[in-house]
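Let me begin by presenting the structure, written as structure tokens, before commenting on it.
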Amino acid sequence: MKRIFTLLIIMVLLLSVPSIVHTAAQYSEQPAVLTVGHTTMLSGNFFSDLWGNNTADIDVRSLLHDYPIIAQTKAGDYQFNKTVVSQIEKTEIENGDTTYSISIRKGLKYSDGSPIDARDYLFSFLLFSSPQLKAITGLTPSYAHIVGFDEYNDGLAKTISGLRLINDQTFTLRIKGEYLPYFYEMVYVNANPYPISVIIPGAKVMDDGEGAYISGEITEDVLRKTILDSEEGYLSHPMVTSGPYRLLSYDSKAHVVEVEINPYYSGNYVGKIPTIPRLRFQKVNNQNIHQQMALGKIDLVNKVTDGEVIDKAIALKQKGSLRVKSYPRTGSGFLAIANERPVVSSVNVRQALAFCLDYDVLPKEFLKGHGKKVHGYYGLGQWMVNAVGVYGINQLPHYELNLKKAEELLILDGWNYDKNGDKYSKWSSGLRYRKTEDGNLEPLSFHMIITPQNKAANLIFDMLSNSLSKIGGVIFAEEIPMDQALSQYYRQEERNFDLFFLGNNFLYFFDPANTYRIGDEYQGAMNTSGLQDEKLAALAEAVTKVPSKDKDAFLKGWLEFQKYWAEVLPMIPLYSNTYYDIYTPDLEDYHPEEHGNWSTAILYASLNR
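As structure tokens, then:
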């Protein structure tokens with residue numbers, strides 16, 4: 098008989114977490130509104146990262162959706178969410194699999210007052226794993242660790258056998274032994290609840306003894322209507338949600354969002370609920386920040402990076418007219434590369450481009466000293482950077498402005514012809530060419546997209562243009578709106594660029610495995626670079642394939658991944674910086690530097706007006 102080793106993590110959650118309901122009568126007829134400006138334009142992706150990860154969208158998304166099973170704490174760690182989970186039981190099975198039994202607290206509700214129970218969490222796993230959603234997004238979610246996922250995702254099974262509905266409040270999830278150990282093992286069971294009644298009307302989550310499944314009309318047509326409809330779809334207009342705020346409106350033309358307190362919200366992992374009645378999100382350009390704040394049109398600007406704006410804000414802080422909070426960024430600014438395109442598909446060309454840049458320019462001229470050069474796939478605010486220290490970072494390949502080295506790499510890569518097919522020499526004028534497999538000549542020409550009024554992107558373009566002109570290359574710029582640029586970046590439409598300046602912020606649960614997976618099903622919102630390198634994929638997966646919370650083992654894998662990443666350059670790292678949040682004095686108790694994310698910090702803040 099199979100032996101079962103049972104480890105009870107039955108959490109005696111003595112803390113009672115009652116549902117906290119605030120009636121509309123608590124607020125005045127004209128509730129106070131905090132207007133939040135963001136230098137990144139909202140694109141309307143307020144549901145899932147399967148459609149991209151615009152930082153402005155993430156800020157809204159994190160306010161609308163909550164009640165995760167796993168919560169990030171103020172101390173920078175993570176734990177089971179006491180507001181959501183009443184009991185956890187972990188069972189280690191003889192064949193190497195592990196099963197978690199999770200009981201959801203009674204009394205949780207969506208923003209419309211409808212109840213949340215175990216079925217809502219199972220629906221989240223089932224929806225994102227479904228072949229119907231995969232057909233729409235073209236992407237495979239990161240649930241391959243669940244027993245039965247593959248058959249379900251391929252459309253060969255009705256159920257996910259590793260997901261079981263035990264009763265209204267309890268479900269189990271079985272993890273394949275081949276996916277263990279895992280540094281963030283608890284995160285394997287993490288999910289947010291989503292309303293099946295909105296996304297698949299009339300459907301239910303069922304379990305007849307062979308695994309959980311969706312009973313109802315789950316078709317591509319239904320999901321396209323309920324999720325992607327531009328006026329009512331859950332992607333841009335999620336009106337029934339679980340977070341501290343609920344959506345009032347989204348103007349897709351003006352790119353403006355308004356939210357209000359969710360009266361049914363029971364709090365974050367320690368029961369904290371918001372007090373600011375309404376929030377308004379809108380785009381603001383760097384050069385207009387101080388004017389808009391002086392006119393009272395904006396109260397808070399989140400994640401400011403422009404050095405001139407920051408320096409002026411610090412000066413105004415001394416006069417008492419503004420407040421400023423700073424914190425190290427957990428991401429970086431980088432030059433994105435469409436590695437699937439012919440010219441930049443070669444590592445020699447990517448390295449040559451890296452040697453065409455002066456990495457002191459952006460920290461000095463754009464950041465004004467509020468950031469510095471980075472050498473890999475990391476941000477200064479990540480714990481790994483401090484843990485490995487300067488010694489660790491110095492093991493990564495370092496690039497600097499060196500046109501001689503860039504030219505040597507181009508010669509090595511075969512860019513040795515002029516436009517007539519003759520040998521290119523230092524006396525040649527015009528562009529370098531290389532011969533393709535069919536014998537045609539291909540010019541050393543790059544296409545870069547730039548978003549409007551983007552100072553940093555223009556500085557990068559000017560550097561590349563100047564450097565390439567000296568070594569036989571050329572670069573062309575095309576200005577397009579941010580939403581169109583991101584659609585290309587995430588390959589929601591065909592990419593026609595080679596290079597694109599962009600920034601990112603890493604999740605606390607840093608796991609690069611999906612970002613560099615090989616296979617067409619991962620290309621797009623997951624593997625945005627287009628680079629399919631087997632060694633990189635293996636090193637990325639190895640980072641987290643260590644015992645849970647074994648930081649020493651994690652750091653060893655992280656450093657090996659970073660060294661090879663900086664060699665093959667899926668993108669060119671430019672800088673990481675200190676973020677500054679600039680806000681008016683009547684916003685009190687706002688401390689983004691103390692919390693893991695912006696959406697948590699706003700829960701603890703108050704508006705004195």
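98 is the number of the first residue of the sequence shown in our numbering; add one for each residue after it. Just so it is clear, CB atoms sit at the ideal spot from N, CA and C, and this is done for glycine as well. Bear in mind the structure is a predicted one, so any value in this text is a computation, not a measurement.
Length of the line joining the Cα atoms of residue i and residue j
i                 : j                 : result
tyrosine 361      : glycine 259       : 31 angstroms
threonine 427     : arginine 377      : 25 angstroms
proline 212       : lysine 301        : 14 angstroms
alanine 503       : isoleucine 572    : 15 angstroms
threonine 120     : tyrosine 281      : Note that threonine 120 scores 35 on pLDDT, short of 50, meaning its location in the model is unreliable; the coordinates nonetheless yield the value given after this. Distance between the alpha carbons of threonine 120 and tyrosine 281: 39 angstroms.
leucine 219       : glutamate 534     : 51 angstroms
lysine 588        : alanine 435       : First, the amino acid is wrong: residue 588 is arginine here, not lysine. So the alpha carbons of these two residues sit roughly 10 angstroms apart.
aspartate 686     : serine 703        : 6 angstroms
asparagine 150    : alanine 622       : 8 angstroms
glycine 466       : valine 640        : 32 angstroms
serine 584        : glutamate 590     : 6 angstroms
phenylalanine 746 : isoleucine 296    : The first residue shown for the chain is 98 and the last is 706, placing residue 746 beyond what the model contains.
glutamate 307     : tyrosine 279      : 27 angstroms
glutamine 448     : tyrosine 366      : 45 angstroms
threonine 188     : lysine 470        : 46 angstroms
isoleucine 233    : glutamate 317     : 7 angstroms
glutamate 314     : alanine 215       : 21 angstroms
glutamate 575     : leucine 205       : 49 angstroms
alanine 582       : threonine 548     : 7 angstroms
methionine 545    : phenylalanine 607 : 29 angstroms
asparagine 383    : valine 398        : 10 angstroms
glutamate 355     : alanine 288       : 25 angstroms
serine 443        : alanine 484       : 33 angstroms
tyrosine 488      : isoleucine 669    : 21 angstroms
lysine 646        : methionine 283    : 10 angstroms
phenylalanine 222 : glycine 570       : 48 angstroms
threonine 402     : asparagine 551    : 12 angstroms
threonine 132     : alanine 610       : 37 angstroms
aspartate 510     : phenylalanine 452 : 15 angstroms
Whole-number beta carbon distance between residue j and residue i, since they are thought to touch under 8 angstroms
i              : j                 : result
glutamine 425  : alanine 663       : It should be noted that the sequence gives proline, not glutamine, for residue 425. The pair is not a contact, with the Cβ atoms about 20 angstroms apart (cut-off 8 angstroms).
leucine 432    : leucine 671       : 6 angstroms
leucine 332    : phenylalanine 144 : 5 angstroms
isoleucine 243 : threonine 195     : The Cβ separation is near 11 angstroms, so there is no contact.
glycine 600    : glutamine 379     : That pair is no contact at about 19 angstroms.
leucine 477    : serine 673        : 4 angstroms
alanine 475    : valine 482        : Looking at the sequence itself, residue 475 is tyrosine, so the reference to alanine does not match. Confirmed, Cβ separation roughly 6 angstroms.
leucine 700    : proline 290       : 19 angstroms between Cβ atoms; not a contact.
Proximity winner among the options, relative to residue i (alpha-carbon distances)
i              : options                        : result
isoleucine 707 : Leu270, Ile155, Tyr456, Arg158 : Residue 707 is absent from the model: the chain starts at 98 and stops at 706.
asparagine 499 : Asn563, Gly134, Leu253         : Asn563
glutamate 328  : Gly476, Ile233, Gly141         : Gly141
glutamine 229  : Leu253, Phe144, Asp608, Thr188 : Leu253
asparagine 178 : Cys453, Trp512, Ile201         : Ile201
arginine 158   : Gly306, Lys273, Met336         : Met336
histidine 692  : Tyr586, Lys422, Asp519         : Lys422
tryptophan 480 : Phe603, Met668, Trp148         : Phe603
leucine 666    : Ser221, Asp209, Ser626         : Ser626
aspartate 455  : Arg321, Met560, Ser208         : Met560
lysine 203     : Ile190, Asn491, Tyr197, Ser183 : Ser183
histidine 334  : Thr323, Gly340, Pro341         : Thr323
glutamate 497  : Leu477, Val458, Gly468         : Val458
asparagine 537 : Phe543, Asn551, Ser526, Asp519 : Asp519
valine 286     : Ser294, Ile293, Thr267         : Thr267
threonine 439  : Leu541, Asn624, Trp695         : As written in the sequence, residue 439 is proline, which differs from the threonine given in the question. Of the listed residues, the one whose Cα sits closest to proline 439 is Leu541.
asparagine 694 : Thr152, Asp265, Thr402, Tyr207 : Thr152
glutamine 620  : Arg592, Phe597, Phe598, Ala635 : Arg592
glycine 245    : Gly274, Tyr175, Ser418         : Gly274
tyrosine 351   : Glu690, Arg375, Leu139         : With the sequence shown as reference, residue 351 is identified as alanine, and tyrosine is not the correct amino acid for it. Cα-wise, what sits closest to alanine 351 is Leu139.
(Q) Ignoring anything shorter than 3 residues, give me the beta strand (DSSP E) runs that lie fully in the segment 176-221, in order along the chain. (A) Entirely contained in the segment 176-221, the beta strand (DSSP E) runs reaching 3 residues are, in chain order, 182-190, 195-201.
(Q) Using 8 angstroms as the cut-off, can you tell me whether the segment 668-681 makes contact with the segment 394-411, which would need three or more C-beta pairs spanning the two stretches below that distance? (A) yes
ask   = Between the segment 292-301 and the segment 160-180, do at least 3 Cβ pairs fall closer than 8 angstroms?
value = These segments do not touch.
TODO: Check whether the segment 449-465 touches the segment 548-558, taking contact to mean three or more Cβ pairs, one atom from each stretch, closer than 8 angstroms.
DONE: yes
Restricting to runs no shorter than 3 residues, where is the beta strand (DSSP E) found entirely within the segment 301-329? 301-304, 309-312
| Can at least three beta-carbon pairs, one atom from the segment 231-238 and one from the segment 614-631, be found at a separation below 8 angstroms? | The segment 231-238 vs the segment 614-631: in contact.
I'd like the ranges of any alpha helix (DSSP H) spanning at least 4 consecutive residues and lying wholly in the segment 435-523.
444-451, 480-490, 500-510
Along the chain, which unbroken stretches of the beta strand (DSSP E) at least 3 residues long are found entirely within the segment 381-414? 397-401
Problem set entry | Cβ contact (3+ pairs, closer than 8 angstroms) linking the segment 366-373 and the segment 241-255 | Under the three-pair Cβ rule at 8 angstroms, the segment 366-373 does not count as touching the segment 241-255.
Next item on the list: Could I get the ranges of all uninterrupted alpha helix (DSSP H) runs contained in the segment 611-666, with 4 residues as the minimum, in chain order?
Entry: Within the segment 611-666, the runs of alpha helix (DSSP H) that reach at least 4 residues and sit entirely inside it are, in chain order, 631-641, 648-665.
Kindly provide the ranges of any beta strand (DSSP E) runs that are 3 or more residues long and lie completely inside the segment 522-572, ordered along the chain. 530-532, 538-540, 542-547
_Three CB pairs or more closer than 8 angstroms across the segment 524-542 and the segment 508-515_ = Taking 8 angstroms as the limit for Cβ pairs, the verdict is that the segment 508-515 does touch the segment 524-542.
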